[in-house]
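Scroll down for the structure; my scribbles are underneath it.
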Amino acid sequence: MIIDLILLILGLLGLIIASYSDIKTTEIPDWLSYSLIISGFSLRMLHTIVNKDITYTSTALITFGIFFLVSNLMYYTKQWGGGDTKLLMAVSVIFATYPQNILDFFSPKLDNFYFPITIFINILLVGAIYSFMFIIYSSLKHKKEFLKEYKKYLEHTKNPRKVILVLSILLIILAFVMGSILTKIFLFAGAVSILVFLYIWIFVKSVEKSCMYTLISPSKLLEGDWLTKDIYYKNKLILKKPEYGVTKKDILILKKYKIKNVEIKKGLVFTPSFIIGTLTALIFGNPINYLF
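Counting from 29, one number per residue, gives the positions in the sequence shown under this note's numbering.
Structural data, given as structure tokens:
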């Protein structure tokens, strides 16, 4: 269908623009996501009217509803910023159905459920790999600062680390005395996992503190930036750290009191994961299907 092809080109072009904007300015313009949502629904409704195919639009309404909830969950749990949230909603409309035209070129392992779910799985998988590579790169690039923070976190977590080490040893001892091989594997895996996750957490927090915290002038603050602490002026609290990023009103307050610099936490430029995840979903389908 020609509409499928238009939606495919529109969606990929939108994701390229979003990625470029996020890399250059750390922002995804709202107008881009809203334009994709409106264009996606408009094209689908046009197809429905011409071909009397209600499912082409109703599927988009359902996937938009699902990912309105999913994307807001990601936002309010502070996993994603507002730009990523709106972009995921746009993807759920544009790619509500798999474009049939490209099945002549690719043989993806698709599922019976909605295609945006497959895209989301790919985005999370690509995002995990991308985030891991970013963390390793940042720790090497800022090695001196990272090691300083890492030592601090080791010192601050000395007692919890002792408790977890004792717990891990107890689980390993239990693994040796238990009869069932499945129980042995479960206990041993649990003992190793809690130790590994503890040090991964320390590693990530050290990278975050040494590489992602920076001082910035209020004049350069962007809506949605994350303050790391409350802001005081002459020992008076003028701005409590916003839970979901600064607003335009917050920025005006900082300018009013002529605050020189504030510390913010820089987020990971995550949008490239959207376009890579979408492309892998279009070409290969659901990666989980390759395991079974």
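Don't be surprised by glycine CBs; every beta carbon is placed ideally from N, CA and C.
Would you say residue i and residue j are within 9 angstroms of each other, going by their C-beta atoms?
i	j	result
Ala219	Ile197	yes
Asp112	Phe302	yes
Thr299	Leu101	no
Tyr272	Lys106	yes
Met206	Lys293	no
Phe143	Ala124	yes
Asp258	Val274	no
Thr308	Leu40	no
Leu121	Ile65	Contrary to the premise, residue 121 reads as Val rather than Leu in this sequence. Against a cut-off of 9 angstroms, the Cβ pair of Ile65 and Val121 comes out as a contact.
Ser167	Phe174	yes
Leu36	Asn129	yes
Phe141	Leu116	no
Thr85	Phe69	yes
Val235	Glu177	yes
Ser63	Glu55	no
Ile287	Ile266	yes
Gly110	Tyr103	yes
Leu249	Val290	yes
Ser238	His170	yes
In three-state DSSP terms, what is residue i?
i	result
Tyr165	helix
Tyr272	coil
Lys257	coil
Lys262	coil
Leu249	coil
Thr242	strand
Ser47	helix
His184	helix
Thr54	coil
Phe96	helix
Phe320	coil
If residue i and residue j are in contact, beta carbons under 8 angstroms, what's the gap, nearest whole angstrom?
i	j	result
Val232	Ile163	6 angstroms
Pro315	Asn150	7 angstroms
Leu202	Leu215	5 angstroms
Pro246	Leu282	4 angstroms
Ile51	Val297	6 angstroms
Phe134	Ile311	5 angstroms
Thr226	Ile192	With the sequence shown as reference, residue 226 is identified as Leu, and Thr is not the correct amino acid for it. With 8 angstroms as the limit, Leu226 and Ile192 qualify as a contact, their Cβ atoms being about 5 angstroms apart.
Leu138	Gly295	That belief does not hold up - the Cβ atoms of Leu138 and Gly295 are roughly 32 angstroms apart, past 8 angstroms.
Leu71	Ile34	6 angstroms
Tyr285	Tyr261	5 angstroms
(request) Could you pull out every unbroken beta strand (DSSP E) segment of at least 3 residues lying fully inside the stretch 57 to 94, listed in chain order? (result) Runs of the beta strand (DSSP E) inside the stretch 57 to 94: none found.
(request) Write down every uninterrupted run of the alpha helix (DSSP H) in the stretch 267 to 317 whose length is 4 residues or greater and which is fully enclosed by it, in chain order. (result) As for any alpha helix (DSSP H) of minimum length 4 sitting wholly inside the stretch 267 to 317, the runs are 276 to 284 and 299 to 312, ordered along the chain.
(message) So within the stretch 102 to 162, which uninterrupted alpha helix (DSSP H) runs reach at least 4 residues, ignoring any that extend past its ends?
(response) 110 to 122, all fully within the stretch 102 to 162.
(request) Please determine if the stretch 174 to 185 and the stretch 223 to 238 are in contact, where contact requires at least 3 C-beta pairs separated by less than 8 angstroms. (result) Yes, the stretch 174 to 185 is in contact with the stretch 223 to 238.
(request) Run through the stretch 190 to 248 for me and flag every whole beta strand (DSSP E) of 3 or more residues, listed as ranges in chain order. (result) Every beta strand (DSSP E) stretch that sits fully inside the stretch 190 to 248 and reaches 3 residues is listed by chain position as 241 to 244.
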